[in-house]
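Here the structure comes first, spelled out in structure tokens, and everything after it is commentary.
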Amino acid sequence: MAEFLEGFIVKKPNEKAPEFVLATISMKVEDVISSLKKNEKNGWVNLNVKKSRDGKLYAEIDDWERNRRTNDDRW
Numbered sequence: 105m106a107e108f109l110e111g112f113i114v115k116k117p118n119e120k121a122p123e124f125v126l127a128t129i130s131m132k133v134e135d136v137i138s139s140l141k142k143n144e145k146n147g148w149v150n151l152n153v154k155k156s157r158d159g160k161l162y163a164e165i166d167d168w169e170r171n172r173r174t175n176d177d178r179w
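Note that my numbering has the sequence shown beginning at 105, numbered continuously upward.
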């Protein structure tokens, strides 16, 4: 099941933003810090920025772990 970082919002950039701006990210500091602490593994939290079916951007916690027995690659 998808898990999201609380207090972390990814949006498409303003239409007047330069082409090199890919996204705008907003963070509610207290919520993000709490969520980071809850979801960290070895001091890290990995996120995947994705696009929903209706075109909105969002960030999902990447909880994938390599299957060490089969050396299963991710992509």
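Don't be surprised by glycine CBs; every beta carbon is placed ideally from N, CA and C.
In angstroms, rounded to a whole number, what distance separates the CA positions of G147 and T128?
Each residue's alpha carbon lies about 25 angstroms from the other.
* Asked: In this structure, does DSSP put V114 in helix, strand or coil?
  -> In this structure, DSSP gives V114 an extended state, which the three-state scheme calls strand.
Close-in-space but distant-in-sequence residues of the same chain around E125 (CB under 6 angstroms, 5 per side omitted): According to the sequence displayed, residue 125 carries Val and not Glu. Answer for V125: P117, listed in chain order.
Closest Cα partner of G159 within the set E107, V114, E110, L109
V114
> Contact check, D167 vs E107 under 8 angstroms by CB: the rounded distance?
Replying inline: 7 angstroms
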